[in-house]
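In the numbering used here, the protein residues as written are 639 to 1093.
Written out as structure tokens, the structure is:
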């Protein structure tokens, strides 16, 4: 019985001493044990057997301390060092990440394979071709506020509207160029604000069904862009403001050409399952042919051109361009699938003549949020001849301006990063008899099957 008592007492005291030694000084515990031993010797109120047993407990504790004391001291030293390090770094959780070059750099990209058929074109044979597009982007986080980005892309560097490479050029190698090189400053003192300089993507809010009538998504502007985007939990879901100064043409010995751009956009919660998104954008182009420069005329795709020098050759755009682009879209989430209705109005108030407007109405049903999802979409649009600035307008339809057109398509999500799109684009000239474009008014067709992979 005494052996059992001593064994239990020894273990209890051992664990107590082991876990408290890191908190108590060694000499204080030793002094306490010594005092207890002396007290037991002179204590008259306990039996001799109990006195002997308790003195054995004190002796066992001393032996355990001698045996495990160095281990506990070493453990205490290590724990103290760890705690001190945690206290020093608790206010700097991102230091390790930002000091590691591998975490500063983020890479992304996408690949597209496209089969395209175009037929009933103006005086040209039907065309069937395979095309590919590859884009590789890298962003390097300099610090919490500054980021540098670049993007490599396939396609003709002299044709910003199309990064696609057509297969079948006698096995020649593909051209690869940079279509984005930029620096982004996002100050911590005002979350949502960012300033970008260089060559970058156009982040303006677009028509959610088809949004490239005014600005082709493949065209990457150059210059400077200021953005402020804020989100809330109230009826105003988000508010966005953008202002840009785009360098269009720089000439060493003549005037330059610029585009001044701006947009205000907002999304409103009308109900838990209903929202309205609206935006108003404006694009003001200075003289696109400053001092008679012909550089941009080669990119014209249907605007009215004139011969101002009367030498028999066109040398200027007839119109100036100040384009207002209004978009509104309503999305309802409680139907069988999400449903979006969108409308767009375009007006070039600086155009010469009456062919200065465009509009579009569209519908989309479904989503592609997860594998197995699908979405169908349709849009109808009329774009008058000088309603848009054709060098940067879409090139999906066979006509880029002066057209009435239909677009019908379906998206299917194969896997998380793989999607398929089948879409048909039908267009015909809006106005005939102008003498400034081909006067054929028949419908022209383009069918595309796209395999899209992101990584």
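Where a beta carbon is used, it is the ideal one built from N, C-alpha and C, also for glycine. Since the structure is predicted, the reported quantities are computational estimates derived from the model, not experimental observations.
| task | Leaving aside the five residues before and after residue 954 along the sequence, list all residues of the same chain whose C-beta is less than 6 Å from its C-beta, in chain order. | result | Translated into the one-based positions of the chain shown, residue 954 becomes position 316. Excluding residues within five positions, the ones whose Cβ falls inside 6 Å are 927, 944 and 946.
| field | Nearest to residue 876 (by Cα), restricted to the options 868, 883 and 846 | value | In the chain shown, counting from the first residue as 1, residue 876 sits at position 238. Closest option to residue 876, Cα to Cα, is 868.
| query | Since residue 1018 is in the beta strand (DSSP E), which residue starts that stretch and which ends it? | reply | Taking the chain shown and counting its residues from 1, one reaches residue 1018 at position 380. Looking at the DSSP string, the run of the beta strand (DSSP E) that includes residue 1018 is 1012 to 1021.
| task | Indicate whether residue 845 and residue 1033 have their beta-carbon atoms separated by less than 9 Å. | result | Here residue 845 corresponds to residue number 207 of the chain shown, with the count starting at 1. Here residue 1033 corresponds to residue number 395 of the chain shown, with the count starting at 1. Not a contact, by the Cβ cut-off of 9 Å.
| request: Pull up the CB-CB distance for residue 1000 and residue 848, whole angstroms please, since I reckon it's below 8 Å. | output: Your numbering for residue 1000 matches position 362 in the chain shown. Your numbering for residue 848 matches position 210 in the chain shown. Residue 1000 to residue 848, Cβ: 6 Å. Contact.
| message | Nearest by alpha-carbon distance to residue 813: which of 805, 820 and 819 is it? | response | In the chain shown, residue 813 corresponds to position 175, counting from 1. Nearest option by C-alpha distance: 805.
| query | Excluding the five sequence neighbours on either side, which residues of its own chain have a C-beta within less than 6 Å of the C-beta of residue 1053, listed in chain order? | reply | Against the chain shown, residue 1053 aligns to sequence position 415. Hits under 6 Å: 1009.
| query | From residue 752 to residue 761, what distance separates their C-alpha atoms? | reply | In the chain shown, residue 752 corresponds to position 114, counting from 1. In the chain shown, residue 761 corresponds to position 123, counting from 1. Cα-Cα distance, rounded: 24 Å.
| query | If we count the other Cβ atoms within 10 Å of its Cβ and call it buried at 16 or more, is residue 1093 buried or exposed? | reply | To locate residue 1093, count along the chain shown from 1; it is residue 455. When all chains shown are included, residue 1093 counts as exposed.
| request: Please report how far the alpha carbon of residue 829 lies from the alpha carbon of residue 784, in whole angstroms. | output: Position 191 of the chain shown holds residue 829. Position 146 of the chain shown holds residue 784. Each residue's alpha carbon lies about 13 Å from the other.
| Since residue 1068 is in the beta strand (DSSP E), which residue starts that stretch and which ends it? | Here residue 1068 refers to the residue found at position 430 when the chain shown is read from its first residue. From DSSP, residue 1068 is part of no beta strand (DSSP E); its letter is neither H nor E.
| task | Please look up how many angstroms separate the CB atoms of residue 820 and residue 787, rounded, as I've assumed it's under 8 Å. | result | As a position in the chain shown, residue 820 is number 182, starting the count at 1. As a position in the chain shown, residue 787 is number 149, starting the count at 1. Contact flag correct, Cβ pair sits at about 5 Å.
| query | Shortest alpha-carbon distance to residue 1085 belongs to which of 769, 1027 and 873? | reply | Stepping through the chain shown from its first residue, residue 1085 is reached at position 447. Among 769, 1027 and 873, the Cα nearest to that of residue 1085 is on 769.
| field | Top-ranked residue by Cα proximity to residue 951, from 973, 894, 1026 and 936 | value | Along the chain shown, one-based indexing puts residue 951 at 313. Checked all of 973, 894, 1026 and 936; the closest Cα to residue 951 is 936.
| Between the stretch 912 to 931 and the stretch 1009 to 1024, do three or more beta carbon pairs fall short of 8 Å? | Cβ pair count under 8 Å is below three, so no.
| request: Could you check what DSSP says for residue 960 in three-state terms: helix, strand or coil? | output: What you label residue 960 is simply residue 322 of the chain shown in a count that begins at 1. DSSP places residue 960 in strand when its eight states are reduced to three.
| task | Pull up the DSSP beta-bridge partners for residue 1085, would you. | result | Numbered from 1 along the chain shown, position 447 holds the residue referred to as residue 1085. 755 and 1062, per the DSSP bridge assignment.
| message | Am I right that residue 976 and residue 933 are in contact with their C-beta atoms under 8 Å? What's the rounded C-beta distance? | response | Reading the chain shown from its first residue, position 338 is the one you call residue 976. Reading the chain shown from its first residue, position 295 is the one you call residue 933. Wrong, their Cβ atoms sit about 44 Å apart, outside the cutoff.
| field | Supposed close pair residue 1061, residue 1047 - CB separation, criterion 8 Å | value | By one-based count along the chain shown, residue 1061 stands at place 423. By one-based count along the chain shown, residue 1047 stands at place 409. Cβ-Cβ separation between residue 1061 and residue 1047: approximately 3 Å, consistent with a contact (criterion under 8 Å).
| field | Sub-9 Å separation of residue 971 and residue 911 beta-carbons | value | Sequence index remark: in the chain shown, residue 971 carries index 333 (1-based). Sequence index remark: in the chain shown, residue 911 carries index 273 (1-based). In contact: residue 971 and residue 911 (Cβ atoms closer than 9 Å).
| message | What residue range does the beta strand (DSSP E) around residue 901 cover? | response | Taking the chain shown and counting its residues from 1, one reaches residue 901 at position 263. Unbroken beta strand (DSSP E) run through residue 901: 895 to 909.
| said: So if DSSP puts residue 850 in a beta bridge, which residue, or which two residues, is it bridged to? | reply: Residue 850 sits at position 212 when you count from the first residue of the chain shown. Answer by DSSP bridge pairing: none, since residue 850 is not bridged.
| request: Assign residue 949 to one of three DSSP states: helix, strand, or coil. | output: The residue labelled residue 949 in the question sits at position 311 within the chain shown. Residue state, collapsed to three classes: coil.
| request: Just mark residue 853 as buried or exposed, buried being the case when its beta carbon has 16 or more other beta carbons within 10 Å. | output: Within the chain shown, numbered from 1, the residue matching residue 853 stands at position 215. So residue 853 counts as buried.
| message | For residue 834 and residue 764, I'd like the C-alpha separation in whole angstroms. | response | On the chain shown, position 196 is the one that residue 834 refers to. On the chain shown, position 126 is the one that residue 764 refers to. When rounded, the distance between both Cα atoms is 43 Å.
| said: Taking 6 Å as the limit between beta carbons, can you name the residues of its chain near residue 908, skipping five residues before and five after? | reply: On the chain shown, position 270 is the one that residue 908 refers to. So the qualifying residues of the chain are 914.
| task | List the residues that DSSP assigns as beta-bridge partners of residue 1041. | result | Taking the first residue of the chain shown as position 1, residue 1041 is located at position 403. 1021 and 1067, per the DSSP bridge assignment.
| said: Using 8 Å for Cβ pairs, my map puts residue 989 next to residue 957. What's the rounded Cβ distance? | reply: Position 351 of the chain shown, counted from the start, is the residue given in the question as residue 989. Position 319 of the chain shown, counted from the start, is the residue given in the question as residue 957. Right, their Cβ atoms sit about 4 Å apart.
| message | I want to see whether chain C comes within less than 9 Å of residue 901, judged by CB atoms only; does it? | response | Within the model displayed, chain C is absent; a lone protein chain is all it includes.
| When DSSP builds the beta bridges, which residues end up paired with residue 990? | Your numbering for residue 990 matches position 352 in the chain shown. Answer by DSSP bridge pairing: none, since residue 990 is not bridged.
| message | Going by C-alpha to C-alpha distance, which of 920, 870, 931 and 858 sits closest to residue 888? | response | In the chain shown, residue 888 corresponds to position 250, counting from 1. Checking every option, the nearest Cα to that of residue 888 belongs to 931.
| Proximity winner among 886, 843 and 818, relative to residue 902 (alpha-carbon distances) | On the chain shown, position 264 is the one that residue 902 refers to. Ranking the options by Cα distance to residue 902, first place goes to 843.
| query | Under 9 Å, do residue 792 and residue 767 count as touching if we go by C-beta distance? | reply | Taking the first residue of the chain shown as position 1, residue 792 is located at position 154. Taking the first residue of the chain shown as position 1, residue 767 is located at position 129. No, Cβ-Cβ distance for residue 792 and residue 767 is not below 9 Å.
| task | Give the single residue among 1022, 1051, 981 and 974 whose Cα lies nearest to the Cα of residue 995. | result | Walking along the chain shown from the start, residue 995 turns up at place 357. Ranking 1022, 1051, 981 and 974 by Cα distance to residue 995 puts 1022 first.
| Between the Cα of residue 964 and the Cα atoms of 895, 905 and 984, which residue gives the shortest distance? | Looking up residue 964 in the chain shown gives position 326. It is 984.
| task | Grab the span of the beta strand (DSSP E) containing residue 913 for me, first residue to last. | result | As a working note, residue 913 is residue 275 in the chain shown. 912 to 923 is the extent of the beta strand (DSSP E) around residue 913.
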